[in-house]
Structure formats: C-alpha cells, structure tokens
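Residue numbers (my numbering): 930 to 1432.
Right under this line is the structure:
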C-alpha cells in the first residue's frame, strides 16, 4: 500500500500534508514526496526514505502554500529512489500527479507517447499516466477534469490519483478504482487521503469514493462527483466520522504497536459489546439479521483474507468445524480469483480485512458475489469498500490500528468469528444450554485474561533479551495453536526482520 494526502483551502498545506503522511506510515513505504502551489509557483520535494527525511530535505526555504498533495510510495514500477518517488510532473511541468496502484498497460501507452514526442524522467507507470492526461488535454483542448476522465478510460489497472494543474491553483481532480480514496469536507477547505486519519482534527465529514468515480475539489464550490465511465453526476453520501484524534495518537507509548497490544482488552470488550449477552445467554448480531438464515443453512463457508486476516480465518476454520459442524475452506485472497474457484449460491463467503480496503480481498469477494454466494464482511473501518460491497457483516470496533504489524485487529477478528460460530451452533441445536452459556461466559472473560497476561511484560522482556541474537525462530502449534504459530512467526518477521516460520 501507499499513502495519498492532499489539501485545498486557506491554511498552510505543508504541515497538513506532512502530518497526514506520518499517519499513513503504517501502510508501508520506501519513499515520500510533496508538491505545494503558491504565489511564486510550484514547490516540489521528494526522496527515498522516510517522511522525516523528506522534512529534512524541505528544511531550507521550501515555503508555504494553501494547496498541495503528498505521497508515500512503495515501489512497483521502478526502483526506490528520488527520481521515481511521487509526485510526478508532466513533460511540460504543468500537471502534477500522485498515484496509488498499478497501471497494467502502461508500457504500450508509454510507447505511443514517446512516438508523439513525449519524454520521461522516471521508470514509473505514474509518470506515464500524468503525461497521457496532458497529451489528451492539449490535443483536444479540454479541461483537466475531462482529460483525466478520458485518460482513465484508456488505462487498465487499479488506481487512486490526485492531480492538479500549475495554471489552476484552485482545483484538484481525484479518482479511484481498486485503491481507497476519501475526501474530507471542512469549512471552505477540502482534504484528500487514502483513509480518514490524516484529517480527523479538521473535519468529521467524509466522502468515500467508490470504484470508477472521480471528483473535482475546487475552492468556493461544493464537491462534484461523477462516474468515470458514463460521466453521470453522482450525489455523494457524506459520512460522519466517529473516530477521534486521541484514538490515533500514541497515548504515552513509545510506538503504536505497543499501545495497540495493550489496548486488546478494551478492543475485545468493544467488539463483544452489545453482541455477547452472557447474563441472558444470548448472542445478538444486528449486522447479520437479514441474512441469518443464509448463515444457518450454508453448505460451506469460504473464508478469504491476507496475512494476519488469513490467520484469523484459519483459527475460525477450527472453531466453525468443531462447534458448528459445517465445512470451511480458508483461502488466501490473492490466489482465490486466479484458480476459477467453484462457488455456489449455498456458499457463504466471509471476507476479513482490518482496513476494509485490502485490494486482493476486495477483488476476491467481488468474484464470489458475481457467482451468487452470500458475502459476509468482517472489517474494522466503518464505511470501507469491503463494508459497502458485502451483503452483511460485522465491524470489529477495535479502534484505529496504526502499527504496521497487526495486533488488536487479529484478536478482535477471532472474537467476531467465535460469536458467529457459536450462534450457528446454538441455533442448530448442536450445543446444550449449559454448554452454550459456558462458552459465552468464557468468551466474556477473555478481556480480563488478556489484562492479566499483559502484567507479565517483565517476563516477556527477559525472554526477548535472552534470544535477541538468534537468527532463526520456529513457532510450533497444533490444532487451534497452529495458525497462532503462523501469526507469531509473521509478527517477528514484520517487526525484527529475523527469519521465522510457523509449524
């Protein structure tokens, strides 16, 4: 994943964009860049490395501006270096663009542009896209908005883009297909980002663009959204964000991952609240009410996810088959759609994603939906793409997860999956009342047990000190603990870059 941040308004855009990029660092990146437009023209800085490296590069006289865009890049086309970092300018220098995603047919477009005299500075597909837009804009003498639409109807692939013209400092054009993009609406100002965290302190009003939608963000005007394919106007739905600024700050911890580890007791309480009624011996999940019969009568469950979410699905496989006695297949989302899977209308597909924007998971669930399966989503971000694409689902309510290595999202996902399995088992009469109440009581007690476990952090520090120089780790587990071993190995690899495997 990469990160996009943009601003158009009256305040200085530089701190808005830089702080926003820092909040998107959890998405992973290898380079960063920023472009600001002010009275003296375009100011652009980019570099390989961290956002802090970008700040250092900007330290001497970068200036201010009330409009700009910023980007964190994870290299796909072209090696990580200053030249390939975003933003990218068109050949003339008039258009400036940032892009998340992959343009699959960039090579043929680039060849055609070179034949028409276009030159390129970088190896990226993004520079191809910005030059395609300029080529169309100049050849047809049309507006930037129309040129963006025409260009995007030629490209194949996934994208979230933000582009502006140096000649028009009051407008940014954005578009989305297969990569998340949200527009924050403030008082006489707009914010653009990959998710809502960069602008939480400025506004709680947000429009999540759908696939094949584009928007024009313009000073003094309302947000205008249109279909990329048909050019028909779209009335955007304005979400009222429930997140607060405190939830995305470190709260006194040295880093987000440690904070989120210690939040797990509360996050699971929030996940279970209103759903697990242990004193009444009930499970109440309003998000699945209309599709409850589909869950109870499913011939098979197919769980799809990537990384940590896939591991949560593997835990669920044991729980579902043990308690609900229904066949379960757990599929890696990135492979699922490439093998022509057999899916029927009697299948229920559960898509798991913390962000609700995981591209492979989203593509897999769309395939399953086309084949007639009932799609159930488990995600953490309200209003995310997966939440909107599914028939029914449950939010984990774990709060924002900023750390790159997932922690509280995993345990919250397992908690939701456990509730679903228990609900199915109970409604099928596979558990006695005593057994059902006992399971509910045990699930209800997990937050307190997590708190107790986290009190042993001194022992954890001792173990890590003891083995800190080891070069290989093996995590061993059987049954329910096998996917936990896989998740443990993944965590060690993610945060220490030490080789680890789960068995």
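Note that the Cβ used here is the ideal one computed from N, Cα and C, for glycine as well.
Quick caveat, the model's predicted, so the values are computed rather than measured.
{"Query": "What separation, rounded to the nearest whole angstrom, lies between the Cα atoms of residue 896 and residue 1362?", "Result": "Past the edges of the chain, shown from 930 to 1432, lies residue 896, and the structure says nothing about it."}
{"Query": "Given a cut-off of 8 Å on the beta-carbon distance, is the pair residue 1259 and residue 1227 in contact?", "Result": "no"}
{"Query": "Under three-state DSSP, which class holds residue 1396?", "Result": "coil"}
{"Query": "If we call anything under 8 Å between Cβ atoms a contact, is residue 1290 one with residue 1379?", "Result": "no"}
{"Query": "If I follow the unbroken beta strand (DSSP E) through residue 1098, where does it start and stop?", "Result": "1097 to 1106"}
{"Query": "Taking the CB atoms as reference points, tell me whether residue 1168 and residue 1312 lie closer together than 8 Å.", "Result": "yes"}
{"Query": "Are the segment 1236 to 1245 and the segment 1209 to 1225 touching, with three or more C-beta to C-beta distances below 8 Å?", "Result": "no"}
{"Query": "Specify, as a first and last residue, the run of the beta strand (DSSP E) that residue 1087 falls within.", "Result": "1086 to 1094"}
{"Query": "What's the gap between the Cα of residue 1254 and the Cα of residue 1356?", "Result": "12 Å"}
{"Query": "Our contact map puts residue 1322 next to residue 1339 with C-beta atoms below 8 Å; I'd like the distance itself, whole angstroms only.", "Result": "Between residue 1339 and residue 1322 the Cβ distance is about 17 Å, and since that is not below 8 Å, they are no contact."}
{"Query": "When the Cβ atoms of the segment 1335 to 1350 are set against those of the segment 1149 to 1167, are three or more pairs found closer than 8 Å?", "Result": "no"}
{"Query": "Please report how far the alpha carbon of residue 1053 lies from the alpha carbon of residue 1366, in whole angstroms.", "Result": "58 Å"}
{"Query": "Using 10 angstroms around the beta-carbon of residue 1018, count the other beta-carbons present and answer buried if the total reaches 16, otherwise exposed.", "Result": "buried"}
{"Query": "Name the DSSP beta bridge partners of residue 1240, please?", "Result": "Answer by DSSP bridge pairing: none, since residue 1240 is not bridged."}
{"Query": "Flag this pair as touching only if the segment 1141 to 1155 and the segment 959 to 973 have three or more C-beta atom pairs under 8 Å; answer yes or no.", "Result": "no"}
{"Query": "Please return the same chain residues whose Cβ sits closer than 7 Å to the Cβ of residue 1342, not counting the five positions on each side in sequence.", "Result": "1238, 1241, 1281, 1307 and 1325"}
{"Query": "Give the range of the beta strand (DSSP E) segment to which residue 1155 is assigned.", "Result": "1153 to 1156"}
{"Query": "Can you look up residue 996 in the DSSP assignment and give me helix, strand or coil?", "Result": "strand"}
{"Query": "Determine the burial state of residue 1015: buried for a count of at least 16 other Cβ atoms within 10 Å of its Cβ, exposed for fewer.", "Result": "buried"}
{"Query": "Opposite residue 1404 in the DSSP bridges: which residues?", "Result": "1431"}
{"Query": "Cβ atoms of residue 1318 and residue 1346: under 8 Å apart, would you say?", "Result": "no"}
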